[in-house]
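Structure first, then comments.
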Amino acid sequence: MRLDPSCLIKTIFLSEKRKNVLVLLLKEGPKSIDEIKEALDVNSSALMPQIKKLLKWDLVTYDPVEDNYKLSDMGVLIVEKIEEFLNIINIYVENHEYWETRDLSEIPYHMRKRIGNLKHCELLEADRDCLFEFHPTFVENVLASKYVMMASSTFQPQTVSIFSKLLKRNAKVSFVLTEQVFDKFFDDFPDQCKCFLSHENMSVSMRSGHIGPLTLVVTNNFMALWLFDKNGRFDGTTLLSYEESALKWGRELFTYYSSISNMVYIDPDSGKMEFTGYNITKASKF
Numbered sequence: 001m002r003l004d005p006s007c008l009i010k011t012i013f014l015s016e017k018r019k020n021v022l023v024l025l026l027k028e029g030p031k032s033i034d035e036i037k038e039a040l041d042v043n044s045s046a047l048m049p050q051i052k053k054l055l056k057w058d059l060v061t062y063d064p065v066e067d068n069y070k071l072s073d074m075g076v077l078i079v080e081k082i083e084e085f086l087n088i089i090n091i092y093v094e095n096h097e098y099w100e101t102r103d104l105s106e107i108p109y110h111m112r113k114r115i116g117n118l119k120h121c122e123l124l125e126a127d128r129d130c131l132f133e134f135h136p137t138f139v140e141n142v143l144a145s146k147y148v149m150m151a152s153s154t155f156q157p158q159t160v161s162i163f164s165k166l167l168k169r170n171a172k173v174s175f176v177l178t179e180q181v182f183d184k185f186f187d188d189f190p191d192q193c194k195c196f197l198s199h200e201n202m203s204v205s206m207r208s209g210h211i212g213p214l215t216l217v218v219t220n221n222f223m224a225l226w227l228f229d230k231n232g233r234f235d236g237t238t239l240l241s242y243e244e245s246a247l248k249w250g251r252e253l254f255t256y257y258s259s260i261s262n263m264v265y266i267d268p269d270s271g272k273m274e275f276t277g278y279n280i281t282k283a284s285k286f
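Those letters in the sequence shown? Residues 1 to 286, per full-length UniProt numbering, in order.
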C-alpha cells in the first residue's frame, strides 16, 4: 500500500512532542520511556500517544529486551534532514533581516547547506565611521583566545596589531588571505609581515584566486563571520556565535580555504619569502 507523504510530514511537524522525541533520539540514541519523559519534561499520558504514531510510521522502533525506543534506519535518515531543515529555519528567523541581505554565493555549497549550525548568533553593528575596525566585543574575545584561524578577502589594518598581541601571548595564529590583500599588508606593514612569516606560532597561506566577499575568524571560544551584502557592500556587521556547532562549522570552512591555498614562509637559508616552493615577486624586498 502506497503511503501518503503529506501524512508523514504532518505526523512529524504538526506535533512539537513528536518532533522533539525524534530529535532527542537522533542526538542521544536509544532511550527508555522514563528517560524520554525526563528529557522532554512531559508525562506519560501526553507522550505515549505521540510515540505510538511514530511507531506506526516506523520512524521509531521499540526494543522489548532493552525496554527502550530508538530511531529506525529510515528514521535516522529522515530526522537528520529534518534537523538540518529546522536549524536553517531557526537561524533565518533569529536574524531574518540580516540573512535576507547577505551574499552567500562564495561559501561553498557543502558548507552553505549546513549554515543552520550557526545557532544563537549575536549581531554586532559596526560604527558607520569605522567600518573597517573590529567591534570592541570581538577584539576583547579574540585577544583572550589560545588559537585563532582567520580567512579574509578584505584588508583590515587592525589585524596586524591583533596578531602581534596574540603572538606575544604565545597564542597560535593561522591566516589565509587573497593575493591582493596579502600585497596590501606587505606594502603597508613590511616589518610586521616579515615577523609573521618567520614566527613559529604563525602560519600564513595565500590564494592566487578569490576567497569571496567574507572574513571568517574561528578560535577556541567563538566564531565570527563578516559577509558582504548582495550589492557588494561591506557594512562591518559581525555575526558572532559561541555555540560548538558554529565553531565546528567555522573550522571546517577555514580548513576548506586553507586546503586550496599555498603557505607563504621565509626560507631560513636564503632569507627570502617562498610560496610553497617557488619565489614570489616580492621576495626581493627581504
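Glycine is no exception: its CB is placed at the ideal position from the N, C-alpha and C atoms.
Item                                                                                                                       : Value
Proximity to T219 [Cα-Cα], best of K172, M48, L123 and P157                                                                : K172
Start-to-end residues for the alpha helix (DSSP H) that takes in F260                                                      : Checking the sequence shown, residue 260 turns out to be Ile, not Phe. Segment: none, I260 is in no alpha helix (DSSP H) and carries neither H nor E.
Rounded C-alpha distance that separates G271 from E140                                                                     : 35 Å
8 Å Cβ cutoff met for M223 and S241                                                                                        : yes
Identity of the residue in K31, D235, D129 and L239 nearest I91 by Cα                                                      : L239
Neighbourhood of K19 by C-beta, 7 Å cutoff - its chain only, sequence neighbours within 5 removed                          : I12 and F13
Buried or exposed (CB count within 10 angstroms, at least 16 for buried), R102                                             : buried
C-beta atoms of G116 and K70 nearer than 8 Å                                                                               : no
Distance between K194 and E94 (C-alpha atoms, nearest Å)                                                                   : 43 Å
C-alpha distance - M273 paired with I266, whole-angstrom precision                                                         : 4 Å
Chain-order list of residues whose beta-carbon lies under 6 Å from that of P157 (same chain, five-residue window excluded) : none
Length of the line joining the Cα atoms of F185 and I162                                                                   : 14 Å
Through-space distance from K146 to K168, alpha-carbon basis                                                               : 12 Å
Boundaries of the beta strand (DSSP E) in which L54 is found, first to last residue                                        : That residue, L54, is in no beta strand (DSSP E); its alpha helix (DSSP H) goes S44 to K56.
Whether W226 touches M111 by CB criterion (8 Å)                                                                            : no
Straight-line gap, N68 to S32 (C-alpha atoms, nearest Å)                                                                   : 4 Å
Residues near F234 in its chain [Cβ-Cβ closer than 6 Å; skip 5 each side]                                                  : F228
Cβ pair I36, V21 closer than 8 Å                                                                                           : yes
Contact check, F275 vs V264, beta carbons under 8 Å                                                                        : yes
Exposure label - V181; buried when at least 16 CB within 10 Å                                                              : buried
Cutoff 6 Å; reference K62; Cβ partners in own chain excluding five residues on either side                                 : Looking at the sequence provided, one finds Tyr at residue 62 rather than Lys. Cβ within range, chain order: Y69.
7 Å CB neighbourhood of S15 in its chain, flanking five on each side removed                                               : Q50
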